[in-house]
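*Asks:* In the numbering used here, the protein residues as written are 4 to 200. Quick reminder that beta carbons are idealized off the backbone N, C-alpha and C, glycines included. Once you've had a glance at the structure underneath, I'll fire off some questions.
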Amino acid sequence: MSQLDKTYDPSLNHQPLTPQQEAISEHVRAILDLLGEDVSREGLVKTPRRVARAMTELTRGIAILNSAKFQEDYRQMVIVRDINFYSLCEHHMLPFYGQVHVAYIPNGEVTGLSKIGRLVDCFAHRLQIQERMTKQIREAIQEALHPLGVMVVIEAQHMCMQMRGVEKQGSITTTSDFSGAFNQAKTREEFLSLIHS
Numbered sequence: 004m005s006q007l008d009k010t011y012d013p014s015l016n017h018q019p020l021t022p023q024q025e026a027i028s029e030h031v032r033a034i035l036d037l038l039g040e041d042v043s044r045e046g047l048v049k050t051p052r053r054v055a056r057a058m059t060e061l062t063r064g065i066a067i068l069n070s071a072k073f074q075e076d077y078r079q080m081v082i083v084r085d086i087n088f089y090s091l092c093e094h095h096m097l098p099f100y101g102q103v104h105v106a107y108i109p110n111g112e113v114t115g116l117s118k119i120g121r122l123v124d125c126f127a128h129r130l131q132i133q134e135r136m137t138k139q140i141r142e143a144i145q146e147a148l149h150p151l152g153v154m155v156v157i158e159a160q161h162m163c164m165q166m167r168g169v170e171k172q173g174s175i176t177t178t179s180d181f182s183g184a185f186n187q188a189k190t191r192e193e194f195l196s197l198i199h200s
């Protein structure tokens, strides 16, 4: 098999695998073999390459908020709620997914609203745990915008909890992190009432 045949899959966006993806693909093939699977059967022939592409897609990350900051004299709560996300649990490499709710109180600067969703994707698209992701989103907004306060709430379902181990279907894990004005219970309660109304 030529090098081009090994790395080029016309069914996958007509793009060759990167060297990183090729290495991941070889490891996935070895794992399947160790599990007793026949890696030459039709249903699995392209699986290592598909997994390699999926893993590099799911673990990407980019810088976001500094690209769209605007001076604005607005000092009331800005909320972006119900931001859908999916991520991979770093403990079992199984998906967890749900919604992120973000609020911040500007202190002279705001960001484009779409950037909040992109920020969530930035931290979701890597091996993660929900607790760390919650904190990372809050810290990134705090560092970029220097607002009067930030609060992040994540509600998620974890396949590592539903598919294996305790196997509890439909269970939801909620995490929160907050700073500044959100240290006041009244401000937190306002945010929580708005995202659940």
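Thinking just about the alpha-carbon of each residue, which of PRO51, SER117, ALA159 is nearest to the one in GLN102?
*Replies:* ALA159
*Asks:* For ILE67 versus ARG135, is the C-beta distance shorter than 8 Å?
*Replies:* no
*Asks:* Would VAL105 and PHE73 qualify as a contact pair, given that the criterion is a beta-carbon distance under 8 Å?
*Replies:* no
*Asks:* Do you know whose CA, among LYS189, ARG56, ARG52, lies nearest LEU35's CA?
*Replies:* ARG52
*Asks:* In angstroms with no decimal places, state the Cα-to-Cα distance between GLN6 and PRO22.
*Replies:* For GLN6, the predicted structure reports a pLDDT of 39, less than 50, and the residue's modelled location is therefore unreliable. A value from the coordinates is still provided. Roughly 11 Å separates the two Cα atoms.
*Asks:* Rank ASN110, ILE132, GLN139, ALA26 by C-alpha distance to the C-alpha of ILE119 and give the top, closest one.
*Replies:* GLN139
*Asks:* Once DSSP output is grouped into helix, strand and coil, what is the label at ILE86?
*Replies:* In the three-state reduction of the DSSP assignment, ILE86 falls in the strand class.
*Asks:* Please give the ranges of any beta strand (DSSP E) in the segment 58-145, keeping only runs that are unbroken, at least 3 residues long and fully inside the region.
*Replies:* 72-74, 81-92, 98-108, 112-114
*Asks:* Closest to LEU91 by C-alpha separation, out of VAL31, LEU148, THR59, would be which residue?
*Replies:* THR59
*Asks:* Buried or exposed for HIS30, going by 16 or more other Cβ atoms inside 10 Å?
*Replies:* Residue environment for HIS30: exposed (fewer than 16 other C-beta atoms within 10 angstroms of its C-beta).
*Asks:* Since TYR100 contacts PHE88 with CB under 8 Å, what's their CB separation in whole angstroms?
*Replies:* Between PHE88 and TYR100 the Cβ distance is about 6 Å, and since that is below 8 Å, they are a contact.
*Asks:* Given a threshold of 16 other Cβ atoms within 10 Å of its Cβ, counted over all protein chains shown, does MET154 qualify as buried or as exposed?
*Replies:* It counts as buried.
*Asks:* With GLY152 and GLY115 assumed to form a contact (beta carbons below 8 Å), what rounded beta-carbon distance in angstroms separates them?
*Replies:* Not really, about 20 Å apart at Cβ, beyond 8 Å.
*Asks:* Using only alpha-carbon positions, find the residue among ASN69, HIS95, ASP124, GLN145 that is nearest to GLY168.
*Replies:* Closest option to GLY168, Cα to Cα, is HIS95.
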